[in-house]
Amino acid sequence: MAGSLHRIDRAHKTLSETKRLILRATDEPTLLQEVCRTVVMRVGYRVAYIVYAGEDERRLLRPMAHEGYDGGITALKKTLSDVSWAAGRGPVATTIRTGKPYVAQHLLTDPNFAPWRDNATRHGVASLAVFPISLEQQVIGALAIYAVEPNAFEQQELNLLTEAVQDVAFGVALLRARIEQDRAKATIEHMAHYDRLTGLPNHAYFEEHLRRTLMEARSFDRRLASFIIDLNRLRDINDAFGFHHGDHVLKEVGTRLSRVLRSGALLARMRGDEFAVLGSVTSTEDAESVAQQIAEALDVPFNIGGIMIDIDSTVGISLYPEHGKDGPQLMRRADVAMNDAKKSSKRYAFYRPEQDEHRAQRLAMVGELRHAIAANQLTLYYQPKIDMLDNRICGLEALVRWIHPERGMIPPDEFIGLAEQSGLIKPLTDWVIADALRQAAAWRSEGLALPIAVNLSVHNLRDPEFVQKIEWSLRAVDAQANWIELEITEGAVMEDPAGALEILKRLRALGITLFIDDFGTGYSSLGYLKKLPVHAVKIDKSFVIDMIEDQDSEAIIRTTINLGHELGLKVVAEGVESRRALDRLAGLGCDVAQGYFISKPIPGKDLRNWFDHSSWAANDTSRRQGDVAAR
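Under the numbering used here, the sequence shown has 284 at position 284, and the numbering climbs by one with no breaks.
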């Protein structure tokens, strides 16, 4: 009786110690070793070892950890060398193959254990229990425990040890999930900073690096030069030879420029056919020397399908502090210089104020935009989003358009940036939210109840009255908070993380659904993303558009979806332009899709008609409500 109680107590202790080890575990090998050590040194069994099932074609046993085995891990590996768990007849191989515990109560007399009896005698053991270690219903290995006394493993003790081994398996799964999550985080962090094609830093990395470098330059009175490099014939190459040859050119450009640039200079691919360089210079002549090196590196013809082609590059240069004191100004003026070089057929040019046509035009356009907001010359288009579970419309994104009385439709690219720079983004966003809610109220009176998403700017997150404005807009049309959704980019959040967090918390407290937009293109940390009170992330359309032809893009999307779901967030994919992309996203578990394959942005006045005739809305509850209301 006393012996039985001792053995049960020993098993209880194994179970308790295993749980303690799992809570403290930081890596898998250490956990396995500590389990074996605890079973022998703290609990009192004689020998313990863990063996994994090899996954290669030979399916050999792989000793991972031990305690008490004579000769150590080297001897254990020698004993089990060339033993296949698929064909071996020993206790460990049998357990792994069958997935069932193996118990031998009399090793010295058990005929089935005869081949290993000498080994048991050498170790002074008389009984054995082997337990399978399983992950997701697949046996990955086994834990073998030897005791000095025969009949050491009664059923109650075996039950407790089985539970302990299940805990070990849980700990292994937890550690592997943590490694996979860390790897996924690292992948997304890398892709947020680096261009997938060339491997160079991307625009987000460059802009952040420029901001930090300017701070250092101010402190140490250094001069900087910013270079914008445009490949004038890349589009022609893509059209004539195909995008894969254009991609080859882009990679070769990155390689050539990396070779000629000075140590410490940063080279980035900004977008499309545009690269940028930032570096320290001592003078204007020094900057010109760098520009000459860049131009000469790209003057050498490129081999495209056996044909030597000139790509005809142009370089624009702006200097700090002469041409600008902040990053956006320096970049814009380098861009002005690049366009100046193109017009004058030069290989490179410095920024010249007299060539900056943006100055007068910008002032005039700011005034016109201010008037447009006040005079209702703006209009909203709406792009539908579908729920991937049932392919039904689940929401809309509001996209502002400017109908100029003389110039007609002005694209958003031409005035959103202007609104950001001039401070008009605040009244512009206020107008968009108010008009979206007004339209939502009108549609809901017809039975069309869909949330409308509106994009926010960093300036909105800095506006101390923004949350109050939202409340006013809701009350103005007697709207509920769930009528509207707000989208904010990673970059905007990271401009002022603490301030953004406070505003987003207040917005969520109102009951408003919040999205992180263009996810994967900024430089936010995933650790910080976990703190944000958001409901969903939107995968940037550049990844979605490329996913069918680019495995890296698909891997990023898969990782983002998995991480988003782990954080309890819905995942939205924008830029869906084909059935293949939609089906693939569905297979990856994406929640919501948006893009031209579903619908291009639709004027508000036309949406009801689209909704009544769209196959995406054919089975939608909102449409049926609308039909009833219409009757």
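All residues carry an ideal CB built from backbone N, CA and C; glycine is no exception. Just so we're clear, the structure is a prediction, and the values are computed from it rather than from any experiment.
So what's residue i in DSSP terms, helix, strand or just coil?
{"i": "Ser524", "result": "Low confidence applies here, because Ser524 scores a pLDDT of 47, under 50, leaving its location unreliable and the question unanswered by this model."}
{"i": "Pro384", "result": "strand"}
{"i": "Asp435", "result": "helix"}
{"i": "Asp239", "result": "helix"}
{"i": "Met365", "result": "helix"}
{"i": "Gly626", "result": "Confidence is the limiting factor: at Gly626 the pLDDT is only 36, short of 50, which leaves the residue's position unreliable, though a coordinate-based value still follows. In this structure, Gly626 counts as helix in the three-state DSSP scheme."}
{"i": "Lys538", "result": "strand"}
{"i": "Pro353", "result": "helix"}
{"i": "Pro111", "result": "helix"}
{"i": "Tyr596", "result": "coil"}
{"i": "Cys394", "result": "strand"}
{"i": "His323", "result": "coil"}
{"i": "Trp402", "result": "strand"}
{"i": "Leu32", "result": "helix"}
{"i": "Ala297", "result": "helix"}
{"i": "Tyr45", "result": "coil"}
{"i": "Gln138", "result": "strand"}
{"i": "Val103", "result": "strand"}
Under the assumption that residue i contacts residue j (Cβ atoms under 8 Å), give the Cβ distance between them as a whole number of angstroms.
{"i": "Arg262", "j": "Glu28", "result": "Incorrect: roughly 44 Å between the Cβ atoms, too far for contact."}
{"i": "Ile317", "j": "Phe275", "result": "At roughly 13 Å, the Cβ-Cβ gap does not stay under 8 Å, so Ile317 and Phe275 are not in contact."}
{"i": "Arg401", "j": "Leu378", "result": "7 Å"}
{"i": "Arg579", "j": "Met547", "result": "Incorrect: roughly 13 Å between the Cβ atoms, too far for contact."}
{"i": "Asp496", "j": "Leu461", "result": "7 Å"}
{"i": "Val281", "j": "Leu210", "result": "Going by Cβ atoms, the distance from Val281 to Leu210 rounds to 15 Å, so no, they are not a contact pair."}
{"i": "Ile228", "j": "Asp335", "result": "5 Å"}
{"i": "Tyr320", "j": "Leu607", "result": "Actually they are not in contact, since the Cβ atoms of Tyr320 and Leu607 sit about 48 Å apart, beyond 8 Å."}
{"i": "Ala268", "j": "Phe206", "result": "4 Å"}
{"i": "Ala144", "j": "Ala48", "result": "7 Å"}
{"i": "Ile338", "j": "Val592", "result": "Sequence inspection shows Met at residue 338; the Ile mentioned does not correspond to that position. Contact doesn't hold; Cβ gap of about 39 Å is too wide."}
{"i": "Gly604", "j": "Leu363", "result": "With 8 Å as the limit, Gly604 and Leu363 do not qualify as a contact, their Cβ atoms being about 31 Å apart."}
{"i": "Ile304", "j": "Ile237", "result": "6 Å"}
{"i": "Ser345", "j": "Asp230", "result": "The pair is not a contact, with the Cβ atoms about 13 Å apart (cut-off 8 Å)."}
Can you list, in chain order, the residues of its chain with a C-beta nearer than 6 Å to that of residue i? Leave out the 5 residues immediately preceding and following it.
{"i": "Ile470", "result": "none"}
{"i": "Asn562", "result": "none"}
{"i": "Ser422", "result": "Val366"}
{"i": "Pro101", "result": "Phe131"}
{"i": "Ile503", "result": "Leu461"}
{"i": "Leu369", "result": "Phe415 and Leu424"}
{"i": "Val139", "result": "Ile96, Gly99 and Pro132"}
{"i": "Ile410", "result": "Trp402 and His404"}
{"i": "Ser553", "result": "Phe543, Asp546 and Met547"}
{"i": "Gly589", "result": "Ile561"}
Using DSSP's beta-bridge definition, name the partner residues of residue i.
{"i": "Asn455", "result": "Glu487"}
{"i": "Met308", "result": "Asn303"}
{"i": "Ala441", "result": "The partner list for Ala441 (beta bridge, DSSP) is empty, contrary to what the question assumes."}
{"i": "Ile228", "result": "Ala276 and Gly316"}
{"i": "Met409", "result": "Ile403"}
{"i": "Ala573", "result": "Ile539 and Ala593"}
{"i": "Arg223", "result": "Val281"}
{"i": "His66", "result": "Tyr49"}
For residue i versus residue j, is the C-beta spacing smaller than 9 Å?
{"i": "Thr560", "j": "Ala536", "result": "no"}
{"i": "Arg256", "j": "Leu298", "result": "yes"}
{"i": "Leu234", "j": "Asp273", "result": "yes"}
{"i": "Gly141", "j": "Ala53", "result": "yes"}
{"i": "Glu17", "j": "Thr38", "result": "yes"}
{"i": "Gln594", "j": "Lys385", "result": "yes"}
{"i": "Val571", "j": "Ile539", "result": "yes"}
{"i": "Gly511", "j": "Ile452", "result": "no"}
{"i": "Ala481", "j": "Ala436", "result": "no"}
{"i": "Asp430", "j": "Ser473", "result": "yes"}
{"i": "Ile545", "j": "Gly575", "result": "yes"}
{"i": "Ala120", "j": "Leu107", "result": "yes"}
{"i": "Glu635", "j": "Ser127", "result": "This structure leaves residue 635 out entirely; the chain is present only between 1 and 631."}
{"i": "Leu507", "j": "Leu486", "result": "yes"}
{"i": "Asn376", "j": "Met270", "result": "no"}
{"i": "Leu161", "j": "Ala186", "result": "no"}
Excluding the 5 residues preceding and the 5 following residue i in the sequence, name in chain order all residues of the same chain whose CB lies nearer than 8 Å to its CB.
{"i": "Lys77", "result": "Pro63"}
{"i": "Asp310", "result": "Arg233, Asp299, Pro301 and Phe302"}
{"i": "Phe170", "result": "Ile22"}
{"i": "His371", "result": "Gln377"}
To which residues of the same chain is residue i closer than 7 Å at the C-beta, ignoring the five residues directly before and after it?
{"i": "Leu32", "result": "Ile50, Met64 and Ala65"}
{"i": "Leu582", "result": "Val576, Ala593 and Phe597"}
{"i": "Asp463", "result": "Lys426"}
{"i": "Gly124", "result": "Arg46 and Val148"}
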